[in-house]
Amino acid sequence: MDDLGVVIAFWALAAMTIGAAAMLILVRNLMHAILFLILSFVGVAGLYITLSADFVAVAQVLIYAGAISVLMIFAVMLTPLSERDNSGNFLQLPALVLSGLVIAGVTFVALETEWREAGRGSFDTTAAEIGEALLSPFVLPFEIASVLLVAAMIGAIVIVRDD
Amino acid sequence: MATATRLLSGEDVAKRLEAVPGAVVETAEDWVTLAPEKLVEAARFLHDDRDTDGRFLNGVSGVDRYDYFEVVYHISSLAHNHTLVLKVRADHDEPEVSSVSGVWRGAHLQEREIFDLLGVRFSGHPNLKRMFLWEGFPGHPLRKDFMGLPGGVSPGLKRFPKEDPEQWAGEFRGN
Amino acid sequence: MAIKTEPLVVNIGPQHPSTHGVFRMRVTLDGELITDAEMVIGYLHRSMEKLAEERTWTQNIPFTDRMDYLAAMTGNFAYCITVEKLAGIEVPERAEYLRVIFAELQRIASHAMANGTFVNDCGAWQTPLFYMFREREKILDLFEMTCGARLTLNYMRIGGVAFDIPDEFLPQLQLLVDELPDRFDEYDQLLVDNEILLMRSRDIGIISAEDAMNASLSGPMLRGSGVAWDVRKGDPYGVYDRFDFEIPVGHTGDCFDRFMVRMAEVRQSLSIIKQAMEQLPPGNHCAEVPLNFRPPEGEIYCRIESPKGELGYYLISDGSPFPFRFHVRSPSLINLSALKEMVVGQTVADAIVTLGSIDINVGEVDR
Amino acid sequence: MSLLANWYDFRDLGNPVARLIEALQDAGLSGGWIYAISGLLGAIGILSFVGVAAVINIWIERRLIGRIQVRRGPNRVGPFGLLQPVADAIKLIQKEALQPDNADGIMFTLAPIVIFIPAILAFSVLPWGEHMVLADLNVGVLFLLALSSTTTIIIFMAGYASNNKYAILGSMRVIAMLISYELPVVLALLGVVLFAGTMSLTGIVSFQETYWSWLIFFQPLAFLIFLLGSTAELNRTPADIAEAESEIVAGFHIEYSGMKFGLFYAVELVNTVAVSAIIASLFFGGWWTYGLEEFIPGWILFIGKIYSIYFIFIWFRGTLPRFRVDQLMAFAWKVLLPLALINAMMVALEIFIWTEYEISAGIVLPIFAVVNFALAGVLIVGFGRVMSRTMERFPKLPRLVKDIDVPLPEPSTA
C-alpha cells in the first residue's frame, strides 16, 4: 500500500510534467506556454518529493516556478511583438531534427543504462546535509558560483544603465 | 488694510499702448478695443511692461453682439493691483482672432471654450478643437442665432449617435 | 543600450475613483512614466451660460449652485455681488456679514473635502476623507438649519440673503468654531507629519510662481506657488476689509504646499467667522429688489475668492430682465491650464496626486 | 469510543485524531489508508478554518476600518452585522460573471480559483498545537516562501488575462514588487531559521518552548522586516500598489466581477491570516504561550495571536497612505535588504559564539536579546536618519502673509 501510493503519485506527477512540457511546445500563445512551463516545474518538484528530497523540491518551486518563470514573463512582456504569438520561423525544420535526435538519444540512454535502484530515503533533515556539503567538500564550486552571479549582476547593471 | 483693485480707464490703457502704434482702435470709458492684427503684440507689451505688468489674465470671454463677435480680455497686475479690459472684434461670418495663448498659458483653455461655444477661431492656437461638445456638434450654442440656424440645421444631435457614425468620427479621429 | 518599450495609451477617467467626477485624462505612458497627457472634458456640460440668457437675473441664482456644487455659497455670492455691482444695489450690513459667515463656512467645507480626497488620492484608505466629511457634515447641518438645503443652497439673493439665521444658529456656530481648531490640529498630527504623505506629495507637481501666474492659476494653487495674492485682500468685496486675517503662502508650489495652504486657510476662515460673529449687526437681511428687476445697460466683471480660486462673473446687461451675456470665469477650469505641464514626466501615481491637489470640481469645469 | 471521554483532549486536537487513528489501526486498516484518512481530517479542519476565517474576516475588517474611520461599519444584516459577509456573497454570486471580449478565457477563469491553492497550502505546515500539524515539513519555512512566490505568477495570470491596461500595469507592478520583497523577507526568515537551527515550523515553536522565550525577543529586527515585507507581499496598504484603487483603479482584478472578484477579495483576507499565522508561530511561539496553553487550548491561543497580528494589518490599512512604486522598491532595496543582511550576519555571529564556546543558554540568550534589541534600535534610528528627508529645504507650514505681496519680475536687461 505504501509503495502503491508513491507509485500512483509518481505516475500522476510524471504525466503532469510531461503533459505540461508537451503543451508548452504545442500551445501558440507564449503566455500559456510559460504557464505550462511552471506547471511542469511544479510537477518536477513533486517528483523530488517522491524521492524524499524535500529541500530540493521546495527550492525547485521557489526558484524555478517563482523566480525563473517571472524572468521569462518579463522577457515575453518586453518582446516588441504586438501579438504574443509563437509564430513559425525558418528554424522550424532544424529544431525538429535536433529535438528528434535528443529524444532518440535520451530514449537510448534510458533503455540501455543499468539502473541501480536506491533504497527509499526518509524525510530527514536533508537541508542540513546539503548545507554542510556545500560548505565543506564543495565550497570551491559554491564560491565560484557566487562570484559568477555577482559578475552577471554587474554585467546586467552595466547593460541596463543608459549612456 | 488693502485697497480695492483699480480699474484702469480706457484712456489710461490707450496711453500705455501708444508704444504699440495702431493697436488701439476705440477707447471707451472702461476698456479699449484693439485692432485684431495688433492684438498679440499689444498683449505681449502689456504682459512685459513693468508699469502695467499684465502678467495675470483673469479671463477671456466671447460675446455675440449680433453683427460682430467681441472677445474680451480681463487682465490684471497682481503687483500693482490694477486691472484692465481689452476687447477685440471679429467678423460675424468668419470670426477669427489671433490667439494670445502664447502670451498667457491661461488663455489656452478659455480660447478653446470660446471656439467651442461661439465658433470664434483663434489663429495660432496650438490645440484648437472643441472642448465641451463633441466634434461634429452642429453649430455653436452660445451664438444668439443658435436656435434658428440658417440652412435648416437644428441644434443638438441630428440622429441618435449610433445611427450616424460620421457624426462620431471626429471623436476617434485622434489628435 | 536602452530597452525600447511600446507606448501605452491609457484613459484615466471618465469613470475613475480619483478624477473627482467625470473628468478624463488621456495619458500616454512609457512604462509608468507619462510622456503625453491630454484632458478630455465636457461630460458634465450643461450649457449653463446659454440657459442663463433666457432666465431672469434672479432665476439664474440656482445655476450658480450647480456649478461648483461643493461650494454653492461662494457661487451664489459671486453672482449676487456682480449683479449688485452692475445694478448699484446697496446690501444691508447684516446680509453682508451673513454672507461672509456662510462663504467662509463653505470654504472650510470645500477645503475639508479637497484635502480629504487629496489624501485619498495619495492612497490612504478613506480614513482622512471620513474625518473631513465629519467636519463638513457639521457645516452642512448649519446650512440646513438656515436655508433648508445642504448642497445646492440657493441661499443668497440679489440684495442680500434669502433668510435670516434662526436663533439657534449662532450658538451652534460657536460650538463649531470652538471645536474645529482642535480637530484640525488632530489632522495635522495625522497627516502633516506622515512620512509617506510627505514622500508622495513633496516636490511633486511643482509649478513656479511665474508659471502659475502665466497660466492664470488662482486660489490655493497660486498661493501654494508662493504668490501672496488673495482677492479677499487684494480686492476686498463685501465687508472683507473689516476682518483681520492672513494669507497662507506656500514655498515651492508642490502638491504638499497646496495641501498645507488649504489646511492653513481653514484656520484663517475660522478666525474670520469669529470676527464676523462678534461684529454681526442687527437689521434687515435683504434689500428690496423687484423680482424681475432690470439692471441698467452695461457690463461688469467682478470676482471673489472662492475655495477653488478666483471665481469671476462677466455679465452684460442690455437693460432687459435677462442677462445678455453670462460668462463665468470658473477657477476649476482655468486651474487645469497647467495640468499638462505638471503631469508630463511624472508617474501615474504622481499625476493622480497632482490632479487631486488642483482640487477641481467637474461641475464647475464643464458648467 | 473514548474519543469524547475527556475534554482534556481538545486542548490539542491532535490527540482525538491520534485516538481515531489508533482505533482505525485496531480495526486493521493498512497504513496507507490511515495516512490518507488522517490527512483528509487535517485538510477538512484547515479548509473549514479558512472558510470561516474568510467570512469572518470580511466582517472584522470592515467593522474595524469603520471604527477607525468614525463610522459604524456593517451593522444591519444579522446581529452586529455579522451576516453581512453572507449577504455580500449572495450578492456577488447573483451577479453576472462578466468577461471582457478579448480576455484570455481559460486563464481569466482559472486565476481566481488557482490563487486559493497557495493560500490554503500555507496553513498545512503551521503547528496549531503540539500535535496539531498536518504536514510537519523539515523545510516548512522555505515551503511558505515558495508558496508566496507562486502567488506572483497567479496574480500576473489574472492581470494578463484581463486584457486591460490597468490590469497589465497592476500585474507588472506586482511582479516587480514581489521580486524585490522576496529578498528581505527571505533574509529576515534566515535570521530566525539560523537562530532556531531548524526550518521546520514545529521545530521553531519547540525551540521557543525549550528556551522559554518567544523568538521576537531575539529577533526584533527580523520581525519588523518580515512584517513590513509581508505587508508588501500581501498587497495591503501602504503597499497596495498592485491594486492602488486611486491610481490604477483595482489593478490586476479590475475586470473581475461577481464571485470571481469575491474570490480575489477573500483570498486577500486568507493570505493576510496566513501571514499573521506565520508571524505568530515564528515570532510569538505559535500555540505555546508561557504555560497558558495548559489551561486554554493552544489552538485558541494561536488563533488569538493570529488575529492580534491581523489587527496590525488592518490598522496599517486604516491609517497610512500608499507608497509610490519606486519608493516602495527603494524601501525594499535600500532599507529592508541591508537591515536583513546585517541581522542575518549578527545572528550567524551569535550562533557561532553560542555553539563554539558552549556557553549555557541561560547566560547567552538574555545577552543576545539585549544585543539584538539594541542593534535593532540603532539600525532603525540610523537608517531613519539617513533615509528620511533631513535636507528639508522648506518648512512644512506655509508662511502667513498679512497683505498681498506680489513682486514684479526682474527688469530684463536685454
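Chains as they are written, first to last, in the working numbering: chain A, 4 to 166; chain B, -11 to 163; chain C, 17 to 383; chain D, 675 to 1088.
Each residue gets a CB set at the ideal place from its N, CA and C atoms; glycine is no exception.
Checklist entry - Taking the runs of the beta strand (DSSP E) that are 3 residues or longer, which of them lie wholly in the stretch 77 to 115 of chain B? => result List check, beta strand (DSSP E) in window: 84 to 86 and 109 to 111.
Item to check | Residue range of the alpha helix (DSSP H) that includes aspartate 382 of chain C | outcome: On the third sequence, residue 382 of chain C is found 366 positions in, with the first residue counted as 1. 378 to 382 is the extent of the alpha helix (DSSP H) around aspartate 382 of chain C.
Next on the checklist: Looking at chain D, is there any beta carbon in it that lies within less than 9 Å of the beta carbon of aspartate 81 of chain B?
Outcome noted: By 1-based counting over the second sequence, the position of residue 81 of chain B is 93. So, not an interface residue.
Checklist entry - So, helix, strand or coil for methionine 41 of chain C, using DSSP? => result Reading the third sequence from its first residue, position 25 is the one you call residue 41 of chain C. Annotated three-state conformation of methionine 41 of chain C is strand, per DSSP.
Checklist entry - With DSSP run on the structure shown, which of helix, strand or coil describes glutamate 326 of chain C? => result Here residue 326 of chain C is taken as the residue at index 310 of the third sequence, counted from 1. In this structure, glutamate 326 of chain C counts as strand in the three-state DSSP scheme.
Checklist entry - Leaving out five residues before and five after glycine 960 of chain D in sequence, what residues of the same chain have Cβ atoms less than 7 Å from its Cβ? => result Residue numbering aside, residue 960 of chain D sits at position 286 when the fourth sequence is read from its first letter. Within the same chain, glycine 960 of chain D has close Cβ partners Pro801, Val879, Ala954 and Phe976.
Checklist entry - Taking the beta strand (DSSP E) that tryptophan 19 of chain B falls in, what are its first and last residues? => result For the purposes of this step, residue 19 of chain B is taken as the residue at position 31 of the second sequence. Residues 19 to 22.
Next on the checklist: Among C:Lys290, C:Asp219 and C:Asn92, whose alpha-carbon lies nearest the alpha-carbon of alanine 178 of chain C?
Outcome noted: By one-based count along the third sequence, residue 178 of chain C stands at place 162. Alanine 178 of chain C has its Cα closest to that of C:Asn92, out of C:Lys290, C:Asp219 and C:Asn92.
Checklist entry - Is it buried or exposed for proline 786 of chain D, if we count other Cβ within 10 angstroms and need 16 for buried? => result Here residue 786 of chain D refers to the residue found at position 112 when the fourth sequence is read from its first residue. When all chains shown are included, proline 786 of chain D counts as buried.
Item to check | Coarse secondary structure for alanine 131 of chain A, derived from DSSP in three states | outcome: Along the first sequence, one-based indexing puts residue 131 of chain A at 128. Three-state DSSP puts alanine 131 of chain A in a helix.
Checklist entry - Run through DSSP, which three-state label would serine 49 of chain B get? => result In the second sequence, residue 49 of chain B corresponds to position 61, counting from 1. Note: serine 49 of chain B maps to strand in three-state DSSP.
Checklist entry - Between the stretch 136 to 157 of chain A and chain D, which residues of the former have a C-beta closer than 7 Å to a C-beta of the latter? => result For the stretch 136 to 157 of chain A, the set of residues with a beta-carbon nearer than 7 Å to any beta-carbon of chain D is empty.
Next on the checklist: With a threshold of 7 Å on Cβ separation, who are the neighbours of alanine 793 of chain D within its own chain once the five nearest residues in sequence on each side are excluded?
Outcome noted: Along the fourth sequence, read from residue 1 onward, the residue named residue 793 of chain D stands at position 119. Result list for alanine 793 of chain D: Val941, Val944, Asn945 and Ala948, in chain order.
Checklist entry - Given that histidine 96 of chain B touches chain C, what residues does it touch there, using C-beta distances under 7 Å? => result As a working mapping, residue 96 of chain B is identified with position 108 in the second sequence. The answer, in chain order, is Ser353.
Checklist entry - Cβ of arginine 93 of chain B less than 9 Å from any chain D Cβ? => result Locating residue 93 of chain B in the second sequence gives position 105, where the first residue counts as 1. For arginine 93 of chain B, the answer is no, since every Cβ of chain D falls outside 9 Å of its Cβ.
Next on the checklist: Just to check my reading of the structure: arginine 345 of chain C and glutamate 315 of chain C have Cβ atoms closer than 8 Å, yes? What is that Cβ distance to the nearest angstrom?
Outcome noted: Position 329 of the third sequence, counted from the first residue, corresponds to residue 345 of chain C. Position 299 of the third sequence, counted from the first residue, corresponds to residue 315 of chain C. Taking C-beta atoms under 8 Å as the contact rule, arginine 345 of chain C and glutamate 315 of chain C fail to qualify, at a distance of about 14 Å.
Next on the checklist: I want to see whether chain C comes within less than 9 Å of glutamate -1 of chain B, judged by CB atoms only; does it?
Outcome noted: Walking along the second sequence from the start, residue -1 of chain B turns up at place 11. In terms of beta-carbon proximity, glutamate -1 of chain B stays away from the interface with chain C, with every pair separated by 9 Å or more.
Item to check | Alpha-carbon spacing of valine 208 of chain C relative to leucine 214 of chain C, whole angstroms | outcome: Residue 208 of chain C sits at position 192 when you count from the first residue of the third sequence. Residue 214 of chain C sits at position 198 when you count from the first residue of the third sequence. Valine 208 of chain C and leucine 214 of chain C have their C-alpha atoms roughly 7 Å apart.
Checklist entry - Since alanine -8 of chain B meets chain D, which of its residues come closer than 9 Å, beta carbon to beta carbon? => result Looking up residue -8 of chain B in the second sequence gives position 4. By Cβ distance, chain D contributes nothing, its closest Cβ being about 12 Å from alanine -8 of chain B, past 9 Å.
Item to check | N-terminal and C-terminal residue of the alpha helix (DSSP H) that isoleucine 390 of chain C is part of | outcome: Not covered by the structure: residue 390 of chain C. The range shown for chain C is 17 to 383.
Next on the checklist: Here's the rule: buried if 16 or more other CB atoms are within 10 angstroms of the residue's CB, otherwise exposed. What is isoleucine 970 of chain D?
Outcome noted: Here the question's residue 970 of chain D lines up with position 296 in the fourth sequence. By the 10 Å Cβ count, isoleucine 970 of chain D comes out exposed.
Next on the checklist: Considering only DSSP beta bridges, list what histidine 62 of chain B is partnered with.
Outcome noted: For this step, residue 62 of chain B is matched to residue 74 along the second sequence. Beta-bridge analysis with DSSP links histidine 62 of chain B to B:Gly47 and B:Val73.
Next on the checklist: Here's the rule I'm using: 16 or more other beta-carbon atoms within 10 Å means buried, otherwise exposed. How should leucine 677 of chain D be labelled?
Outcome noted: Here the question's residue 677 of chain D lines up with position 3 in the fourth sequence. Summary for leucine 677 of chain D: the model assigns pLDDT 46, below 50, so the residue's position carries little reliability, and this model does not support an answer.
Checklist entry - Looking only at its own chain, which residues have a Cβ that is under 7 Å from the Cβ of valine 691 of chain D, when we skip the five neighbours before and after it? => result For this step, residue 691 of chain D is matched to residue 17 along the fourth sequence. Correct list, in chain order: Ser712 and Leu715.
Checklist entry - Could you give the distance in angstroms between the alpha-carbon of phenylalanine 159 of chain C and the alpha-carbon of threonine 905 of chain D? => result The residue you call residue 159 of chain C lines up with position 143 of the third sequence. The residue you call residue 905 of chain D lines up with position 231 of the fourth sequence. Straight-line Cα distance between these residues: approximately 43 Å.
Checklist entry - By the 10 Å Cβ neighbour count, where 16 or more other Cβ atoms means buried, how is tyrosine 54 of chain B classified, buried or exposed? => result In the second sequence, the residue the question calls residue 54 of chain B occupies position 66. So tyrosine 54 of chain B ends up on the exposed side.
Next on the checklist: Distance cutoff 9 Å, beta carbons only. Does asparagine 69 of chain B sit that close to anything in chain D?
Outcome noted: Position 81 of the second sequence, counting from 1, holds the residue named residue 69 of chain B. Yes, because at least one Cβ of chain D sits closer than 9 Å to the Cβ of asparagine 69 of chain B.
Checklist entry - Can a CB atom of chain D be found closer than 9 Å to the CB of valine 161 of chain A? => result Here residue 161 of chain A is taken as the residue at index 158 of the first sequence, counted from 1. No - not a single Cβ of chain D is within 9 Å of the one on valine 161 of chain A.
Checklist entry - According to a CB-to-CB cut-off of less than 9 Å, which residues of the stretch 48 to 72 of chain A neighbour chain D? => result Of all residues in the stretch 48 to 72 of chain A, only Ala48, Asp57, Phe58, Ala60, Val61, Ala62, Gln63, Val64, Leu65, Ile66, Ala68, Gly69, Ala70 and Ser72 come within less than 9 Å of chain D when Cβ atoms are compared, listed by chain position.
Next on the checklist: Between the stretch 163 to 171 of chain C and the stretch 82 to 100 of chain C, can you find at least three pairs of beta-carbon atoms closer than 8 Å?
Outcome noted: The answer is yes - the stretch 163 to 171 of chain C touches the stretch 82 to 100 of chain C, with three or more Cβ pairs under 8 Å.
Checklist entry - Touch check for the stretch 255 to 269 of chain C and the stretch 693 to 701 of chain D: three-plus C-beta pairs under 8 Å? => result The way I'd put it, the stretch 255 to 269 of chain C doesn't touch the stretch 693 to 701 of chain D; fewer than three beta-carbon pairs between them come closer than 8 Å.
Item to check | Coil, strand or helix - methionine 119 of chain B by DSSP | outcome: On the second sequence, residue 119 of chain B is found 131 positions in, with the first residue counted as 1. Coil at methionine 119 of chain B, not helix or strand.
Next on the checklist: Restricting to Cα atoms, I'd like to know which of D:Asp1079, D:Phe990 and D:Tyr709 is closest to alanine 809 of chain D.
Outcome noted: As a working mapping, residue 809 of chain D is identified with position 135 in the fourth sequence. The option with the nearest alpha carbon to alanine 809 of chain D is D:Tyr709.
Item to check | Limits of the beta strand (DSSP E) - the one that isoleucine 220 of chain C falls within | outcome: Numbered from 1 along the third sequence, position 204 holds the residue referred to as residue 220 of chain C. In the DSSP annotation of this structure, isoleucine 220 of chain C is not part of any beta strand (DSSP E), being labelled neither H nor E.
Item to check | Residue-level contact to chain D via CB, threonine 98 of chain C, 9 Å cutoff | outcome: In the third sequence, the residue the question calls residue 98 of chain C occupies position 82. Interface annotation, threonine 98 of chain C: not in contact with chain D, CB-CB separation never under 9 Å.
Checklist entry - Between which two residues does the alpha helix (DSSP H) carrying aspartate 157 of chain C extend? => result The residue given as residue 157 of chain C occupies position 141 in the third sequence. First-last of the alpha helix (DSSP H) with aspartate 157 of chain C: 143 to 163.
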